[in-house]
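In our numbering, the protein residues as written are 41 to 114. Built from N, CA and C at the ideal position, the CB exists for glycine as well. Presented below is the structure to which this report refers.
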């Protein structure tokens, strides 16, 4: 439907990360597949976007497109 289903702020919620802290390099975020209302997402293809921000301003990293695909199959 094109509606946002989940918003995650890892800077302010670092406990969501695998080792509990945000660091330079790879960070692992484990997600239970639920939306912001707590409902499990249905099978399908979802688009996700990662925004990088410094002092509240969005920045580009390596001129990369931050929109990727996620497929959920149960």
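**Request:** From the DSSP output, in three-state form, read off residue 81 for me.
**Result:** Residue 81 sits at position 41 when you count from the first residue of the chain shown. If DSSP states are grouped into helix, strand and coil, residue 81 belongs with coil.
**Asked** Nearest to residue 42 by alpha carbon, out of 98, 110 and 86?
**Response** Numbered from 1 along the chain shown, position 2 holds the residue referred to as residue 42. Comparing Cα-Cα distances from residue 42 to each of 98, 110 and 86, the minimum goes to 86.
**Item:** Contacting residues, own chain, Cβ-Cβ under 8 Å from residue 45 (five flanking each side not counted)
**Value:** Translated into the one-based positions of the chain shown, residue 45 becomes position 5. Same-chain partners within the cutoff: 75, 76, 81 and 86.
**Message:** Suppose contacts are defined by Cβ-Cβ distances below 8 Å. Is residue 84 in contact with residue 64 by that definition?
**Reply:** Against the chain shown, residue 84 aligns to sequence position 44. Against the chain shown, residue 64 aligns to sequence position 24. No, they are not a contact pair.
**Asked** In terms of alpha-carbon separation, which member of 58, 110, 98 and 59 lies closest to residue 88?
**Response** Position 48 of the chain shown, counted from the first residue, corresponds to residue 88. The shortest Cα separation from residue 88 among 58, 110, 98 and 59 belongs to 110.
**Prompt:** What is the rounded straight-line gap between the Cα of residue 107 and the Cα of residue 91?
**Reply:** On the chain shown, residue 107 is found 67 positions in, with the first residue counted as 1. On the chain shown, residue 91 is found 51 positions in, with the first residue counted as 1. Taking the straight line from one Cα to the other gives about 9 Å.
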